[in-house]
Amino acid sequence: MPDIRVKIGGGVAILTVAGEYEPGSQPPKTHGYMDMEEWWRVQRKAGLRQVECGRCGRWKFPQELSATMDKSTAHKRDGTPVPIASPVCNECERKRPAHPDNKDGGA
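For what it's worth, UniProt numbering labels the leading residue of the sequence shown as 1, then goes sequentially.
Structure representation (structure tokens):
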């Protein structure tokens, strides 16, 4: 994010200019608060909503998620199986890719 110095009267004001982001774009590489905030606002205004990663528990926008879905089965009190599928973010996928024997992509 570039800073612009503007002389106002006898003092100097510093204006910080955020990048221009498109809906669906990847998050900025710099982890400055203002860049991330501006990027987040553009995604929300475009109607994109966050989903929780099944591995790290962080909330990510769809473009930050990999195609991998971790699948497991839970059981109700009466023993009825309930399939559970949770998306995996790109960061978790890079750290621990899906097992090659699992065709569905889960770990």
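Even for Gly, the Cβ is constructed at its ideal location relative to N, Cα and C.
In the DSSP assignment, threonine 80 is bridged to no other residue. Per DSSP, reduced to three states, the secondary structure at valine 88 is strand.
Arginine 55 and proline 83 have their C-alpha atoms roughly 17 Å apart. Leaving aside the five residues that flank arginine 44 on each side, none in its chain has a CB nearer than 8 Å to its CB.
The residues Met36, Trp39 and Glu64, in chain order, have a CB closer than 7 Å to that of proline 27 in the same chain once the five nearest residues on each side in sequence are set aside.
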